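*Asks:* Numbering (our numbering), first residue to last: 2 to 431.
Before I ask anything, here is the structure I am working with.
Here it is as structure tokens:
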């Protein structure tokens, strides 16, 4: 088997997925080749050295290659894992602050809201050419995407390319952890069924696997009524208004609603207004991979699992016995979610085995919640078509459909401003 990891030089993503590979391969993937790809030669060299050291320390037989040119890595790939971005923090700050300068009140500016439109366009610029290479060099490979904004990126992949692709995200684990805390049951005893769009899903069932008890009604009531239950304020309000338990992170769910800032505030959590500016410490902060290579971290620390499910999904695809995966993003064919369009890229549980990935049809979401999600599906559809046709008019329509956008003049000026500021990363619209 050959797995190609694109974005492997990332200090967090690359380290985590490599640790997962060396944890899993001895059990399920005994004949494995890993191809590491990153456009940053120095970051790639560090991660390649990190992988070689892990291989030696674990006694693994994994074969390792590394390339700055993905086309050299892709031939023969069975699986391709992607998590890519350029100038992530600097451009993300523009995604958040520039809409504010044009009168937009929004949260985070990453996966929903006006800022996410530009984040998505930059991700299309990276991911869609990559998909063309997959079509040519490894057309049977399965792409496992982590690149955000997940729902927008995956929709474009599924509608503009022939690549076999799914999207993966750890967001649902926050809901599972909350359910475990509120029920005092270990995670392994709970089966949580949630569905919706990435980062804006809701629980449909929270079941005790041992007894069959359905916990959702009681947990929903406690979140709605019991102020001693510790949940974020917007999360509680959503439970009260829509009768849903969603991703327990106000910044993520708040991106999709015009009133999110009423509860979360208007600060950018990653900006200087949200943190103390301390005196600079001597030296450059080291990543875990660098500390491990320098003998300042143990193999046990370096092998900490990522918490993501790419490797568990790949391993499950090699086994006859189905494994239930809490959340997989894919096309709403069927439909899997009855009151969302079939062309949407949705997030649902799935059974994974050597027979393939079998998404579970979950029926309808609560209608008030689904109505908000249908607006997001419409925005995503317009954005995909805007990219396909290079249409600024469709970009403007997508902006004006966003719940956080309240001014035609503001939307026009924001669009022109951002396309000029990020011209180097959005050549399709310059």
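Just so it is clear, CB atoms sit at the ideal spot from N, CA and C, and this is done for glycine as well.
For clarity, every value in this text was computed on a predicted model and none was experimentally measured.
Is the separation between the beta-carbon of residue 315 and that of residue 4 shorter than 8 Å?
*Replies:* Going by C-beta atoms, residue 315 is nearer than 8 Å to residue 4.
*Asks:* Would you list the residues sitting across from residue 330 in a DSSP beta bridge?
*Replies:* In DSSP, residue 330 forms a bridge with 168, 348.
*Asks:* Tell me which residues share the same chain as residue 104 and place their Cβ nearer than 7 Å to its Cβ, disregarding the 5 neighbours each side in the sequence.
*Replies:* Hits under 7 Å: 408, 411.
*Asks:* Please give the ranges of any beta strand (DSSP E) in the segment 179 to 236, keeping only runs that are unbroken, at least 3 residues long and fully inside the region.
*Replies:* 191 to 198, 201 to 209, all fully within the segment 179 to 236.
*Asks:* Is there contact here, the segment 11 to 19 with the segment 51 to 68, by at least three beta-carbon pairs under 8 Å?
*Replies:* Counting Cβ pairs under 8 Å, three or more are found: they touch.
*Asks:* Measure the Cβ-Cβ separation of residue 273 and residue 254 and say whether it is below 8 Å.
*Replies:* Taking 8 Å as the Cβ cut-off, residue 273 and residue 254 do not qualify as a contacting pair.
*Asks:* Have a look at the DSSP bridge pairing and note the partners of residue 376.
*Replies:* Beta-bridge pairing links residue 376 to no other residue.
*Asks:* Taking C-beta to C-beta, are residue 67 and residue 37 nearer than 8 Å?
*Replies:* Yes.
*Asks:* Look up residue 258 in the DSSP assignment and say whether it is helix, strand or coil.
*Replies:* Correct three-state label for residue 258: coil.
*Asks:* Straight-line CA distance for residue 51 to residue 296?
*Replies:* C-alpha separation (whole angstroms): 11 Å.
*Asks:* Determine whether the beta carbon atoms of residue 166 and residue 149 lie at a separation below 8 Å.
*Replies:* Going by C-beta atoms, residue 166 is not nearer than 8 Å to residue 149.
*Asks:* Excluding five sequence neighbours on each side, which residues of the same chain lie with their C-beta closer than 6 Å to the C-beta of residue 144?
*Replies:* Closer than 6 Å at Cβ, skipping near neighbours: 81, 164, 166.
*Asks:* Can you give the Cα-Cα distance for residue 327 and residue 206, rounded to whole angstroms?
*Replies:* Rounded to whole angstroms, residue 327 to residue 206 spans 12 Å at the Cα level.
*Asks:* Please name the residue or residues paired with residue 80 in a DSSP beta bridge.
*Replies:* Its beta-bridge partners are 4, 143.
*Asks:* Which residue's Cα is closest to the Cα of residue 95: 425, 424, 419?
*Replies:* For the residues 425, 424, 419, the minimum Cα distance to residue 95 belongs to 419.
*Asks:* Measure the CB-CB distance between residue 15 and residue 83 and report whether it falls below 8 Å.
*Replies:* Not in contact: residue 15 and residue 83 (Cβ atoms no closer than 8 Å).
*Asks:* Does the Cβ-Cβ distance between residue 89 and residue 117 come in under 8 Å?
*Replies:* No, the pair does not count as a contact, with Cβ atoms beyond the cut-off.
*Asks:* How would you write the range of the alpha helix (DSSP H) that residue 358 sits in, first residue to last?
*Replies:* First-last for residue 358: 357 to 360, but that is the beta strand (DSSP E), not the alpha helix (DSSP H).
*Asks:* How about the segment 225 to 233 and the segment 341 to 355: do they share at least three Cβ pairs that are nearer than 8 Å?
*Replies:* No, because fewer than three Cβ pairs between the segment 225 to 233 and the segment 341 to 355 fall closer than 8 Å, the two stretches do not touch.
*Asks:* With distances taken between CB atoms, is the gap from residue 122 to residue 388 smaller than 8 Å?
*Replies:* Their beta carbons are under 8 Å apart, which means residue 122 touches residue 388 by this criterion.
*Asks:* Can you tell which of 258, 59, 341, 49 has its C-alpha closest to the C-alpha of residue 69?
*Replies:* Residue 49 is the option with its Cα nearest to residue 69.
*Asks:* Restricting to runs no shorter than 4 residues, where is the alpha helix (DSSP H) found entirely within the segment 20 to 108?
*Replies:* List check, alpha helix (DSSP H) in window: 42 to 59, 71 to 74, 89 to 102.
*Asks:* Which one or two residues does DSSP pair with residue 392 in a beta bridge?
*Replies:* Residue 392 pairs with nothing; no bridge assigned.
*Asks:* Taking just the CA atoms, how far does residue 190 sit from residue 211?
*Replies:* If you take the alpha carbons of residue 211 and residue 190, they lie about 7 Å apart.
*Asks:* Pull up the distance between the alpha-carbon of residue 333 and that of residue 375, whole angstroms please.
*Replies:* Residue 333 and residue 375: Cα-Cα distance of roughly 12 Å.
*Asks:* Buried or exposed, going by whether 16 or more other CB atoms sit within 10 Å of the CB of residue 360?
*Replies:* Under this definition residue 360 is a buried residue.
*Asks:* Excluding five sequence neighbours on each side, which residues of the same chain lie with their C-beta closer than 8 Å to the C-beta of residue 71?
*Replies:* Correct list, in chain order: 5, 7, 38, 131, 134.
*Asks:* Could you please give the first and the last residue of the uninterrupted alpha helix (DSSP H) stretch that includes residue 293?
*Replies:* Here the alpha helix (DSSP H) through residue 293 covers 289 to 294.
*Asks:* Does residue 1 pass the burial test, meaning 16 or more other C-beta atoms within 10 Å, or should it be called exposed?
*Replies:* No information on residue 1 is available, as it lies outside the stretch 2 to 431 that the chain covers here.
*Asks:* With a threshold of 8 Å on Cβ separation, who are the neighbours of residue 203 within its own chain once the five nearest residues in sequence on each side are excluded?
*Replies:* Correct list, in chain order: 195, 196, 197, 243, 245, 246, 247, 366, 367, 370.
*Asks:* Between the C-alpha atoms of residue 240 and residue 224, what's the straight-line distance to the nearest angstrom?
*Replies:* Computed Cα separation, rounded: 7 Å.
*Asks:* Is it the case that the Cβ atoms of residue 107 and residue 238 are separated by a distance below 8 Å?
*Replies:* No; because the gap between Cβ atoms is not below 8 Å, this pair is not in contact.
*Asks:* Quick one, which of 288, 321, 128, 186 has its alpha-carbon nearest residue 44's?
*Replies:* Among 288, 321, 128, 186, the Cα nearest to that of residue 44 belongs to 288.
*Asks:* In angstroms, rounded to a whole number, what distance separates the CA positions of residue 32 and residue 23?
*Replies:* Spanning the two alpha carbons is a distance of roughly 12 Å.
*Asks:* By the three-class DSSP mapping on this structure, what secondary structure does residue 414 have?
*Replies:* Of the three classes helix, strand and coil, the one that applies to residue 414 here is helix, per DSSP.
*Asks:* Under the three-state reduction of DSSP, which class applies to residue 308: helix, strand or coil?
*Replies:* Correct three-state label for residue 308: coil.
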